[in-house]
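Report on one structure; see the data block that follows.
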Amino acid sequence: MTVPTAEGKTDLKSLSFQGLCEFVRELGGSDHNAGVIWRQLYLADVTELGALTGITRALRAALIQRATIHRLTPAFVLDSLDGTRKFVWSLPEGGQIESVLIPDSMPSRGRPRLTLCISSQVGCAMACRFCLTGDLGLKRNLRPSEIVGQVQQVREQLQPGQRITNLVFMGMGEPLHNLDNLIIALGTLFDDAAFNFSHRKVTVSTVGLVPQLRRLAALSPVSFAVSLNATTEEQRRQIMPITRRYSLDELMRACRELPLAHSKRITYEYVMMEGVNTSDDDLERLWRLMDGLPSKVNLIPYNENPDREIRRPSADRVREWQHYLVTRGVQTSVRHTRGTDISAACGQLGKASLGEQIPEAALG
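Numbering (the working numbering) for the sequence shown: 694 to 1057.
See below:
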């Protein structure tokens, strides 16, 4: 399958390896040639078709005529006081996407964890009440090259000795709403002749698109994070409109039926919004939803935005919830807020596209 760009050329980094083999054969090359090209695209970071080596002049000329190597256009980088970095990329058709590099706030012994949060769409159609990205609406899906490009081009900005250890699809967009392109991108990210990420180190977050969740789970042993945020149908419909299409019961049934590897758990993300979903009844219902499931709960205190009336719960309330769940056998963590001073925290991505004024000091 070829993936044309706006110029009508084939976007090589939007092809799976099998797709690249088919395209190279169309140009008179071999699968061996495709392997040579693939490794140079991802291991040697070749950015110009004319710089490809190990292939014939005729094949190189055909590639120059018919193909392109896509690169994202950097707009700016914001550095947080806590070490978080936000990368904003400008897109040729207009609009921007964002990626967030998050150093481990509590590094343990050994190599520190460095997590990259990446986007899958320009904007988002899900319209979750707590998330600014939904205010943009959905502009378009990202191509596979634009997904893996975030990883490749952030990697170029790392300090000596740094390495991205974890990837989370928790940036702009709903990953499963762009499933076909996500699957191609994941194949590249896992390929040992490209990025060589372990399946255990890649997490895909979803609001709960049930058919797509089942399909991806059958194809790829990625880790899943389900954005739950409510414990009743009515409450979840108010917070997350997608519940009108896929009910909470249907979502939880699908999660119970996913083919998880031994000892693997689904993470259930719960954005805590004071007075919205933080009552004692909410807490008990959450425990009952998790009871008997191979699950982890990640409590996320809401990151306040000036144009939202939603408020963050107190730290004591968050600790109370964690204690309650842990003492009842539910593995529970609290997400430490990172990057709020550069609008890089959960629910804040997209402010640049919404016209937020960027402080000069943050631009470095």
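Cβ coordinates follow ideal geometry from the N, Cα and C atoms, glycine included.
Pull up the distance between the alpha-carbon of Val903 and that of Gly1043, whole angstroms please.
Spanning the two alpha carbons is a distance of roughly 26 Å.
Can you check whether the CB of Val844 is closer than 8 Å to the CB of Phe883?
Not a contact, by the Cβ cut-off of 8 Å.
Let me know the beta strand (DSSP E) ranges lying completely inside the stretch 738–816, each 3 residues or longer, listed in chain order.
For the stretch 738–816, whole beta strand (DSSP E) runs of length 3 or above, ordered along the chain, are 766–772, 778–783, 789–796, 807–810 and 814–816.
Taking only three categories from DSSP, how would you classify Met983?
The answer is helix: DSSP assigns Met983 an H, G or I state.
Please list the terminal residues of the continuous alpha helix (DSSP H) segment that includes Val915.
It is not in any alpha helix (DSSP H) - Val915 carries neither H nor E in the DSSP assignment.
Met945 lies in the beta strand (DSSP E); which residues open and close that run?
Run containing Met945: none in the beta strand (DSSP E); it sits in the alpha helix (DSSP H), Leu941 to Glu950.
When the Cβ atoms of the stretch 864–883 are set against those of the stretch 894–903, are three or more pairs found closer than 8 Å?
Contact holds: three or more Cβ-Cβ distances are below 8 Å.
Would you say the stretch 727–734 touches the stretch 708–719, given that touching needs at least three Cβ pairs under 8 Å?
A contact exists between the stretch 727–734 and the stretch 708–719.
Once you ignore the five residues that flank Asp1034 on each side, which residues in its own chain have a CB closer than 7 Å to its CB?
The answer, listed in chain order, is Ser773 and Leu774.
For Phe769 versus Tyr995, is the C-beta spacing smaller than 8 Å?
Result no, Cβ atoms of Phe769 and Tyr995 do not sit closer than 8 Å.
Kindly list the residues whose CB is nearer than 6 Å to the CB of Asp975, restricted to its own chain and excluding five residues on each side of it in sequence; keep chain order.
Within the same chain, Asp975 has close Cβ partners Thr924.
Take Leu765 and list the residues in its own chain whose beta-carbon comes closer than 6 Å to its own, dropping the five residues that flank it on each side.
Within the same chain, Leu765 has close Cβ partners Trp782, Gly842 and Gln846.
How is the alpha helix (DSSP H) around Asn726 delimited, first residue to last?
Start and end: Asp724 to Tyr735.
Under 8 Å between C-beta atoms of Thr777 and Leu752
Going by C-beta atoms, Thr777 is not nearer than 8 Å to Leu752.
Once you ignore the five residues that flank Met863 on each side, which residues in its own chain have a CB closer than 6 Å to its CB?
Closer than 6 Å at Cβ, skipping near neighbours: Cys810 and Ser898.
Helix, strand or coil, according to DSSP, for Phe890 in the structure here?
Per DSSP, reduced to three states, the secondary structure at Phe890 is coil, with no helix or strand assignment.
Taking 7 Å as the line, does the beta carbon of Ala768 fall inside it for any heavy atom of the ligand FMN?
Questions concerning the ligand FMN fall outside what the structure shown contains, since it holds no ligand whatsoever.
At the level of alpha carbons, what is the spacing between His763 and Asn834?
Approximately 16 Å, taken between the alpha carbons.
To which residues of the same chain is Gln1015 closer than 8 Å at the C-beta, ignoring the five residues directly before and after it?
If we look at Gln1015 and ignore the five residues flanking it on each side, its Cβ neighbours are Leu992, Thr1025, Ser1026 and Val1027.
From Leu771 to Arg1021, what distance separates their C-alpha atoms?
Here the alpha carbon of Leu771 sits roughly 41 Å from the alpha carbon of Arg1021.
From Arg718 to Pro767, what distance separates their C-alpha atoms?
The straight-line gap from Cα to Cα measures roughly 33 Å.
So, helix, strand or coil for Val897, using DSSP?
Three-state DSSP puts Val897 in a strand.
Separation of Thr808 from Leu851, as counted between CA atoms:
Taking the Cα positions, Leu851 is about 12 Å away from Thr808.
Nearest CA to the CA of Ala878: which residue from Glu997, Asp942 and Ser913?
Closest in C-alpha terms to Ala878, from the list Glu997, Asp942 and Ser913, comes Ser913.
Of the residues Ala910, Arg946, Lys832 and Pro1006, which one's Cα is nearest the Cα of Leu784?
When only C-alpha atoms are compared, the closest one is Lys832.
Quick one: what's got a C-beta closer than 8 Å to Met819's C-beta in the same chain, skipping five residues either side?
So the list reads Gly827, Glu867, His870, Val900, Met933, Pro934 and Ile935, once near-sequence residues are dropped.
Verify whether the separation of the beta carbon atoms of Leu720 and Ala755 is less than 8 Å.
When the beta-carbon positions are compared, Leu720 and Ala755 come within less than 8 Å of each other.
Local conformation of Arg833 per DSSP, three classes
Looking at Arg833 - three-state DSSP - the assignment turns out to be strand.
Once DSSP output is grouped into helix, strand and coil, what is the label at Gln852?
Three-state DSSP puts Gln852 in coil, outside helix and strand.
Give me, in chain order, the residues of the same chain whose beta-carbon lies closer than 7 Å to that of Val1011; leave out the 5 immediate sequence neighbours on both sides.
Hits under 7 Å: Met965, Leu992, Pro994 and Val1027.
Could you tell me whether the Cβ atoms of Thr896 and Pro837 are closer together than 8 Å?
Taking 8 Å as the Cβ cut-off, Thr896 and Pro837 do not qualify as a contacting pair.
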